[in-house]
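Each step along the sequence shown adds one to the number in numbering that gives the first Met the number 0, with nothing skipped, and position 68 is 67. Ideal Cβ positions, reconstructed from N, Cα and C, are used throughout, including at glycine.
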Amino acid sequence: MKNSAPVNHPVNEPIRDRWSPRAYAKTPVEAIKVLSVIEAGRWAASAFNEQPWRFIVGLNFDETHQKILQSLVEWNQQWASNAPVLILNIAKRTFSLNGNKNVTFKYDLGQSVANMAVEAVNQGLHAHQMSGFDPEKAANLFGIPDDFQAVSVTALGYYGNPDTLPPDMQKAEQRIRERKALNEIAFSETFGNGISL
Ligand SMILES: Cc1cc2nc3c(=O)[nH]c(=O)nc-3n(C[C@H](O)[C@H](O)[C@H](O)COP(=O)(O)O)c2cc1C
């Protein structure tokens, strides 16, 4: 299903058509498509090209998928259990070169995951990111080293039947997508002074 952003200025199609659905079909996702999605994440920019992102991929309801699902809060489990692919998004806290703290480690991971969400659309898939999970539980389940932090989970798959969702989620699924106005987020001269181009 399309739920394109009602953009005020033209943008490329996958950005316009990316959205975060909760109705997923149990249809397996082809490994070749998952690889393209991860490839898109791999080519994100990062500070000093550290590439602090790491991904644990649960594919088509395998054991890894079940473990990632366990780490989600119950509310997310309700819908994400249908998504055939669950990806645990992890970031390295320090620079590999000198061990110094990398202050943009989550920022860099976010860029990588954003790339993946856009590539998912290009592959005919949908992606839905979640911070509603237990990072400590995930760290224990997967033996994540201390220098790495599990930051979010991405659900990935084909669109399903929204009628199968609980009523509150069905409503959210149909909601018109909204964003702040451009002049609320882009300024000129001083902070808060909305840009006019
Ligand atoms: C970091 C992050 C955490 C999120 N956490 C959750 C979550 O735990 N559960 C959920 O259903 N949606 C979650 N979302 C999805 C957002 O609610 C969604 O992206 C936002 O409402 C905008 O909608 P759109 O992605 O369809 O444009 C999260 C998104 C991001 C980027």
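* Asked: Between L71 and the rest of its own chain, which residues show a CB-CB distance below 7 angstroms, the 5 nearest in sequence each way excluded?
  -> A79, M129, G131, F132 and V152
* Per DSSP, N88 forms a beta bridge with which residues? -> F54 and S151
* Short Cβ contact (8 angstroms threshold) for V120 with P13 -> yes
* Asked: Nearest to S19 by CA position, among A171, L181 and Q110, is which residue?
  -> A171
* Per-residue DSSP class, three states only, for G109 -> helix
* In the DSSP assignment, what residue or residues form a beta bridge with A46? -> Answer is none; A46 lacks a bridge partner.
* So what's M168 in DSSP terms, helix, strand or just coil? -> helix
* Between the CA atoms of G57 and Q266 - distance to the nearest angstrom -> Beyond the ends of the chain as shown, which are 0 and 196, falls residue 266; an answer cannot be given.
* Asked: Does at least one heavy atom of ligand 1 sit under 7 angstroms from the Cβ of H127?
  -> yes
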